[in-house]
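**Student:** Structure provided below as structure tokens; questions to follow.
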Amino acid sequence: MTSKREVEIAVISDVHLGTYGCHAKELLKYLKSIKPKMLILNGDIIDIWQFSKRYWPETHMKVVRKLMKFVVEGVPVYYLTGNHDELLRKFADMHLGAFHLQNKLVLEIDGKKAWFFHGDIFDVTMQHSKWLAKLGAVGYDTLILINSFVNWGLKIFGREKMSFSKKVKESFKDAVKFINSFEQTAAELAVEKGYEYVVCGHIHQPEMRGIETENGSVTYLNSGDWIENLTALEYNNKAWKIFKYEAKDYETDIEEEGILSDSEDLHSKLDINVLLQKIKLEIV
Ligand SMILES: [Mn+2]
Numbered sequence: 001m002t003s004k005r006e007v008e009i010a011v012i013s014d015v016h017l018g019t020y021g022c023h024a025k026e027l028l029k030y031l032k033s034i035k036p037k038m039l040i041l042n043g044d045i046i047d048i049w050q051f052s053k054r055y056w057p058e059t060h061m062k063v064v065r066k067l068m069k070f071v072v073e074g075v076p077v078y079y080l081t082g083n084h085d086e087l088l089r090k091f092a093d094m095h096l097g098a099f100h101l102q103n104k105l106v107l108e109i110d111g112k113k114a115w116f117f118h119g120d121i122f123d124v125t126m127q128h129s130k131w132l133a134k135l136g137a138v139g140y141d142t143l144i145l146i147n148s149f150v151n152w153g154l155k156i157f158g159r160e161k162m163s164f165s166k167k168v169k170e171s172f173k174d175a176v177k178f179i180n181s182f183e184q185t186a187a188e189l190a191v192e193k194g195y196e197y198v199v200c201g202h203i204h205q206p207e208m209r210g211i212e213t214e215n216g217s218v219t220y221l222n223s224g225d226w227i228e229n230l231t232a233l234e235y236n237n238k239a240w241k242i243f244k245y246e247a248k249d250y251e252t253d254i255e256e257e258g259i260l261s262d263s264e265d266l267h268s269k270l271d272i273n274v275l276l277q278k279i280k281l282e283i284v
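Per the numbering used here, the very first residue in the sequence shown carries number 1; after that it's consecutive.
Here it is, written out as structure tokens:
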């Protein structure tokens with residue numbers, strides 16, 4: 001096997017494990033091909049919304065195991081919550097060894113402030129009260145609370161939750177409009193807060209571009225998804241890029257068999273005791 005590619009920061013989002021659309025095998029190949037110094041999972045990794053016990057293939061479990069392996073090896077892994085895994089929000093700010101469960105993350109990367117969050121808060125705020133999303137005084141966690149409250153309210157009145165995929169189906173023109181205003185809202189909020197990078201997921205639209213706002217400019221990034229685009233964001237040598245998974249790059253490298261044998265290896269090494277021991281070591 002060829003040596004693993006070193007990546008300073010890798011960001012993935014919208015994997016939707018537990019759904020038919022998820023390209024778990026491809027993601028597994030990608031994760032096995034890199035050696036990240038830090039891994040950011042920017043929301044909707046496990047699809048708890050659509051989760052059914054009937055659909056949980058072995059490859060999906062292998063992705064979870066691979067992520068756990070990074071944690072055991074001491075790679076900082078940030079699991080940022082999304083709307084399809086919003087049940088995890090009540091456990092936010094939980095830290096277990098190298099594993100961190102949070103709603104958002106702010107990092108200083110080579111002197112520049114980067115703001116990571118999934119981005120679903122804009123669904124409700126953009127539709128019902130755009131000013132709310134832009135209100136700098138309201139913290140991100142407060143917005144999440146308001147969002148859950150609005151969704152709860154919608155449910156009470158028999159209306160469905162805000163869902164982006166639904167919007168796409170409704171009309172392509174609306175989707176383009178939605179993506180544009182999503183990116184613009186994220187950029188405006190980030191400029192207001194003094195961040196140089198704003199990194200989202202949620203809209204399944206990989207992107208990397210500078211956005212000008214009235215009050216300044218910001219680099220907007222989106223890690224895309226593992227349903228259609230099969231993309232990740234990678235930061236190396238002071239620059240971001242969008243990684244796109246191409247089947248041809250992986251054909252000879254790790255075939256089915258490789259994945260299987262490696263996972264058997266994982267079975268033996270990655271029992272819960274090893275994990276607990278590791279966590280204990282970190283605490284001591
Ligand atoms: Mn989402």
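Glycine included, every Cβ here is placed at the ideal spot set by N, Cα and C.
Values in this document were obtained by computation on a predicted structure and should not be read as measured data.
Please classify G153: does DSSP put it in a helix, a strand, or coil?
**Tutor:** It is helical.
**Student:** Is K104 closer than 8 Å to L80 when the C-beta atoms are compared?
**Tutor:** Yes.
**Student:** Rounded to whole angstroms, what's the CA-CA distance from P36 to E251? Just pull it up for me.
**Tutor:** If I take the Cα positions, the gap works out to 22 Å.
**Student:** Contact defined as beta carbons within less than 8 Å: I believe S207 pairs with L221. What is the distance between those atoms, to the nearest angstrom?
**Tutor:** According to the sequence as given, residue 207 is Glu; it is not Ser. Confirmed, about 7 Å.
**Student:** Report yes or no: do the region 90-101 and the region 211-220 share at least 3 C-beta pairs separated by less than 8 Å?
**Tutor:** No, because fewer than three Cβ pairs between the region 90-101 and the region 211-220 fall closer than 8 Å, the two stretches do not touch.
**Student:** Would you mind stating whether A187 and V198 have Cβ atoms separated by less than 8 Å?
**Tutor:** For A187 and V198, yes; Cβs fall inside 8 Å.
**Student:** Hey, could you find the ends of the alpha helix (DSSP H) F292 is sitting in?
**Tutor:** Given that the chain is displayed from residue 1 to residue 284, the structure contains no residue 292 and the question cannot be resolved.
**Student:** In terms of alpha-carbon separation, which member of K248, I242, K238, Y245 lies closest to V109?
**Tutor:** One detail in the question is off: residue 109 reads as Ile in this sequence, not Val. Here the closest residue by C-alpha is K238.
**Student:** Does ligand 1 have a heavy atom nearer than 7 Å to the CB of G18?
**Tutor:** Incorrect: G18 has no Cβ contact closer than 7 Å to ligand 1.
**Student:** Can V64 and A98 be called in contact, C-beta distance under 8 Å?
**Tutor:** Result no, Cβ atoms of V64 and A98 do not sit closer than 8 Å.
**Student:** Under 7 Å Cβ to Cβ from K4, same chain only, skipping five residues before and after it: list those, please.
**Tutor:** Only S33, I34, K35 meet the Cβ criterion.
**Student:** Please classify E257 as buried or exposed, where buried requires at least 16 neighbouring CB atoms within 10 angstroms.
**Tutor:** Because E257 carries a pLDDT of 44, less than 50, the predicted location of this residue cannot be relied on, and the following value inherits that uncertainty. Exposed, since its Cβ has fewer than 16 Cβ neighbours within 10 Å.
**Student:** From the DSSP output, in three-state form, read off S217 for me.
**Tutor:** Residue state, collapsed to three classes: strand.
**Student:** Report the rounded CA-to-CA distance for W226 versus Q50, giving the unit in angstroms.
**Tutor:** Their Cα atoms are separated by approximately 16 Å.
**Student:** In or out: E6 buried (at least 16 other Cβ within 10 Å) or exposed?
**Tutor:** Exposed, since its Cβ has fewer than 16 Cβ neighbours within 10 Å.
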